[in-house]
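Colleague:
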Amino acid sequence: MACAFGHRACRDNLSVLYTRTPRLLEDLALARADGRYPRLFKTLARVQLLEVIDNRTGRAATLITSQLPVPEWYAAIGGLTLADVILDRLLHSAHRIGLAGESMRKRNALAATTA
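Quick note: the sequence shown uses the numbering used here, first residue 660, plus one each step.
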């Protein structure tokens, strides 16, 4: 799935950096020790898609939040086949919590204008 995201981002001319969690943690620790931490952090921040990959299937939780309902993810991801691959893996054993009602941002903005 991550490869699909990265491949799509590359095709869309976005910068992509792929790394594994242990390698990223090692790089950050070494950079902090030798004074390169600010430079490394800037490099990571400039990348348009940073893929930090780990084998989590069946071992750990992954939390995804979105303002879009799941059926709209297909259009947002782009490409039916790519969306099917991604969503099949994400939603296979997912626990979904759907929220309804007015947005808190909207409610707070209204409260601020009436106060």
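In this text, a Cβ means the ideal position worked out from N, Cα and C, and glycines have one as well. All values derive from a computational prediction rather than experimental measurement.
Let me know if residue 756 comes out buried or exposed under the rule of 16 or more other beta-carbons within 10 Å of its beta-carbon.
Modeller: exposed
Colleague: Provide the residue(s) that pair with residue 712 in DSSP beta bridges, ordered along the chain.
Modeller: 679
Colleague: Going by Cα to Cα distance, which pick from 700, 763, 677 is closest to residue 726?
Modeller: 763
Colleague: Report the residue from 738, 742, 750, 709 whose alpha carbon sits nearest the alpha carbon of residue 674.
Modeller: Nearest of 738, 742, 750, 709 to residue 674, Cα basis: 709.
Colleague: Would residue 695 pass as a contact of residue 703 if the rule is Cβ separation under 9 Å?
Modeller: no
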